[in-house]
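Everything below concerns the one structure shown next.
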Amino acid sequence: GAYSTLSNFLDWGIANYSSEHMGVVMWDHGGGSISGICFDECAYFDSLSLMELDNALFDTVSKAGRKFDFIGLDACLMGTLETANVLASYADYMVGSEETEPGSGWDYTAIGNYLAENNDARGAEVGKVICDSFLAACKTVDQDYLTTLSVIDLSQVDNLLISFNKFAKDMYTSAQDSSARSEMIRAINGVDNFGGNNKKEGYTNMVDLGGIVNSCASYSSNASSVISALNSAVLYKVSGDAHQGATGLSMYYPLSIQGS
Numbered sequence: 002g003a004y005s006t007l008s009n010f011l012d013w014g015i016a017n018y019s020s021e022h023m024g025v026v027m028w029d030h031g032g033g034s035i036s037g038i039c040f041d042e043c044a045y046f047d048s049l050s051l052m053e054l055d056n057a058l059f060d061t062v063s064k065a066g067r068k069f070d071f072i073g074l075d076a077c078l079m080g081t082l083e084t085a086n087v088l089a090s091y092a093d094y095m096v097g098s099e100e101t102e103p104g105s106g107w108d109y110t111a112i113g114n115y116l117a118e119n120n121d122a123r124g125a126e127v128g129k130v131i132c133d134s135f136l137a138a139c140k141t142v143d144q145d146y147l148t149t150l151s152v153i154d155l156s157q158v159d160n161l162l163i164s165f166n167k168f169a170k171d172m173y174t175s176a177q178d179s180s181a182r183s184e185m186i187r188a189i190n191g192v193d194n195f196g197g198n199n200k201k202e203g204y205t206n207m208v209d210l211g212g213i214v215n216s217c218a219s220y221s222s223n224a225s226s227v228i229s230a231l232n233s234a235v236l237y238k239v240s241g242d243a244h245q246g247a248t249g250l251s252m253y254y255p256l257s258i259q260g261s
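In the working numbering, the protein residues as written are 2 to 261.
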């Protein structure tokens, strides 16, 4: 299935690619933090869960003795905090989309041309080109309305998680009061979310991280530190008109359990 395919590919790449700078891009369908990425049509549409992705990258990076400059996720819904948490051990940067992507995916011609002229480019620089060329390509075919794509500095993920955990603890404490809990739920239900999240399309339950924090900021003195950490982690982002307020990373929040 998808796990053995990825493991074999990564091992081959490490053995045959000795450049100082190295990135890897995974593409195909993505379903967010719960469903994973790279659905294998030859193995009953088995996908790579985040745990399988973790295991495969651990094996490869351990053998190589070095991280990737960047890991790109050319797939729907994979620009999540949970994904970044897994990839932080294996790369300097992550490139991923909070929202679904058009079937055409990234503009590899533009990316390839940039790398041909800048073969010493680092992960963050390549990530910016990926974002800008993706948005431009989406505009060309009039599919930029839902577009999102972000470059994440994975060295900042620990700080983001620590600050968010403090914020979440405050939310949990406040939620012991049923009125406060109801207010928080209503507020989060109005936050920017991705992948449809309705009875017709089903529920990905991927919700904008910054939106969750801002919507419940009155219940925690730690909200501003989360937003500061988030802004440090999101180095660069692009978005279409539908997601101008998207902050660059989504996270799992159960808008609905049924249909998820």
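We treat Cβ as the ideally placed atom computed from N, Cα and C, and that holds for glycine.
{"Check": "Assigned secondary structure, residue 69 (DSSP; H/G/I helix, E/B strand, else coil)", "Outcome": "strand"}
{"Check": "Beta-carbon proximity list for residue 149, same chain, < 6 Å, skipping 5 on both sides", "Outcome": "98, 99, 100, 240, 244, 247"}
{"Check": "Beta-bridge partners of residue 150, as assigned by DSSP", "Outcome": "239"}
{"Check": "Local Cβ density within 10 Å of residue 52, reported as buried at 16 or more and exposed below that", "Outcome": "exposed"}
{"Check": "Euclidean distance between Cα positions of residue 219 and residue 144", "Outcome": "36 Å"}
{"Check": "Inter-stretch contact at 8 Å, needing at least 3 Cβ pairs: the stretch 183-196 / the stretch 231-238", "Outcome": "no"}
{"Check": "Coil, strand or helix - residue 47 by DSSP", "Outcome": "strand"}
{"Check": "C-beta contact flag for residue 37 and residue 71 at 8 Å", "Outcome": "no"}
{"Check": "Pairwise C-alpha distance: residue 177 and residue 57", "Outcome": "40 Å"}
{"Check": "Nearest neighbour of residue 67, chosen from 54, 91, 73 [CA to CA]", "Outcome": "91"}
{"Check": "Residue 122, enclosing beta strand (DSSP E) - first and last residue", "Outcome": "Here residue 122 belongs to no beta strand (DSSP E), and DSSP marks it neither H nor E."}
{"Check": "Per-residue DSSP class, three states only, for residue 39", "Outcome": "strand"}
{"Check": "Three-state secondary structure assigned by DSSP to residue 254", "Outcome": "coil"}
{"Check": "Same chain, Cβ closer than 6 Å to residue 34, five either side skipped, listed in chain order", "Outcome": "81, 83, 253"}
{"Check": "Three-state secondary structure (DSSP) of residue 190", "Outcome": "helix"}
{"Check": "6 Å Cβ shell around residue 255 - same chain, five flanking residues per side excluded", "Outcome": "206"}
{"Check": "Straight-line Cα distance separating residue 94 from residue 217", "Outcome": "29 Å"}
{"Check": "Exposure label - residue 258; buried when at least 16 CB within 10 Å", "Outcome": "exposed"}
{"Check": "Burial state of residue 121 (16 or more Cβ within 10 Å)", "Outcome": "exposed"}
{"Check": "C-alpha gap between residue 115 and residue 75, whole angstroms", "Outcome": "18 Å"}
{"Check": "Terminal residues of the beta strand (DSSP E) in which residue 27 lies", "Outcome": "24-28"}
{"Check": "Status (buried if at least 16 other CB within 10 Å, exposed otherwise) for residue 63", "Outcome": "exposed"}
{"Check": "In chain order, each beta strand (DSSP E) run of at least 3 residues that lies wholly inside the stretch 158-228", "Outcome": "207-209"}
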